[in-house]
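In this text, residue positions in the sequence shown follow the UniProt record's numbering: the first is 1, and each later residue adds one. All C-beta atoms, glycine included, are put in the ideal place defined by N, C-alpha and C.
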Amino acid sequence: MKGPLFYSKILLFGEYGIIKDSKGLSIPYNFFKGALKREKNDSKMAQESNKSLKAYAEYLKVLEIKEEGLVSFDIEALEKDVDNGMYFDSSIPQGYGIGSSGALVAAIYDRYATDKITVLENLTREKLLQLKKIFGKMESFFHGKSSGLDPLNSYLSLPILINSKDNIESTSIPSQNTEGKGAVFLLDSGMTGETAPMVQLFMENMKQEGFRNMIKDQFIKHTDACVEDFLNGNVKSLFGNLKQLSHVVFDHFKPMIPSKFHQLWQKGIETNDYYLKLCGSGGGGYILGFTQDLEKAKKALEGHTLEVVYNF
Numbered sequence: 001m002k003g004p005l006f007y008s009k010i011l012l013f014g015e016y017g018i019i020k021d022s023k024g025l026s027i028p029y030n031f032f033k034g035a036l037k038r039e040k041n042d043s044k045m046a047q048e049s050n051k052s053l054k055a056y057a058e059y060l061k062v063l064e065i066k067e068e069g070l071v072s073f074d075i076e077a078l079e080k081d082v083d084n085g086m087y088f089d090s091s092i093p094q095g096y097g098i099g100s101s102g103a104l105v106a107a108i109y110d111r112y113a114t115d116k117i118t119v120l121e122n123l124t125r126e127k128l129l130q131l132k133k134i135f136g137k138m139e140s141f142f143h144g145k146s147s148g149l150d151p152l153n154s155y156l157s158l159p160i161l162i163n164s165k166d167n168i169e170s171t172s173i174p175s176q177n178t179e180g181k182g183a184v185f186l187l188d189s190g191m192t193g194e195t196a197p198m199v200q201l202f203m204e205n206m207k208q209e210g211f212r213n214m215i216k217d218q219f220i221k222h223t224d225a226c227v228e229d230f231l232n233g234n235v236k237s238l239f240g241n242l243k244q245l246s247h248v249v250f251d252h253f254k255p256m257i258p259s260k261f262h263q264l265w266q267k268g269i270e271t272n273d274y275y276l277k278l279c280g281s282g283g284g285g286y287i288l289g290f291t292q293d294l295e296k297a298k299k300a301l302e303g304h305t306l307e308v309v310y311n312f
């Protein structure tokens, strides 16, 4: 079995904010991908993946009963394939904030859901929300609580605009300018991050009135503005809002930024050579960077590898 490929994703804007109804923009990132494979493979990676799929099949069995009417699977076929050594062959790094579990969830739904919503049909808002709900329940096996956005992005392989919790749509982003000097890039922190503890920390902070107000008055305001600017191709305004957003994250989300990057983060804000922001929940994995001059950013971030995601 050579399953269809499912790609990683990048949440360009909206990390944490979408929990509190900010806008968000998520795009597929085709550099990393995964597929279900059914042939026997004795590698440690394949065996661990197979073991995890065994536990996941049990979880989906219970999910079907608990969430009656939401989603049903051909569990028999899934268990048979798992018993025959099926694993998820993936190049998506885990704990890097680019949707490794999302791609797996999308692959399982695509192959084993019995009454699935397909990519080819007219994807109304209702259908998108239904898919997001199904994927949220399916992915919570890996994260505790999931918005369902990562698998949705991976499944559709389309950019997704989040207007609010109950309002999402597939969208198109301005086409890349390959000649342009500006870029969105990924910076490798060299360590993995765990989603659950970071989200827990955020929820703890949300109990404080000052933090709640900052989220509403600053974080969400600048996030929403960045989404609008990016979609409309307003580069100048985008970088003004990015600077503010990078600043707010630096001041209020320090624990989510790996400490060895604190100085680089601040340097970007002071020199305007680049601005950094969280990619996913932070704590490790990738950091997202934006620059109007890629060569300048490369010089300023010497010693770090920059993976370009988008040029403008």
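- If the five residues before and after Val119 are omitted, its C-beta is found closer than 8 Å to the C-beta atoms of Tyr155, Leu156 and Ser157, all from its own chain and listed in chain order.
- Judged by pairs of C-beta atoms under 8 Å, the segment 246-261 touches the segment 278-286, as three or more such pairs exist.
- C-alpha of Glu76 to C-alpha of Phe6: approximately 23 Å in a straight line.
- By DSSP's assignment, Tyr112 forms no beta bridge with any residue.
- Buried is the label assigned to Val248, since at least 16 other Cβ atoms lie within 10 Å of its Cβ.
- Collapsing the DSSP output to three states places Val62 in a helix.
- Straight-line measurement puts the Cα of Ile215 at about 12 Å from the Cα of Lys207.
- DSSP, reduced to helix, strand and coil, places Phe239 within a helical segment of the structure shown.
- Judged by DSSP secondary structure, Leu152 falls outside any beta strand (DSSP E) and instead within the alpha helix (DSSP H) spanning Leu149 to Leu156.
- In this structure, Lys33 places its C-beta atom within 8 Å of the C-beta atom of Ser91.
- A straight-line Cα-Cα distance of about 29 Å links Thr305 and Phe142.
- For the segment 226-309, the continuous alpha helix (DSSP H) assignments of 4+ residues that do not extend past its boundaries occur at 235-252, 262-271 and 294-300, in sequence order.
- Counting only the Cα atoms, Thr124 lies some 33 Å from Lys236.
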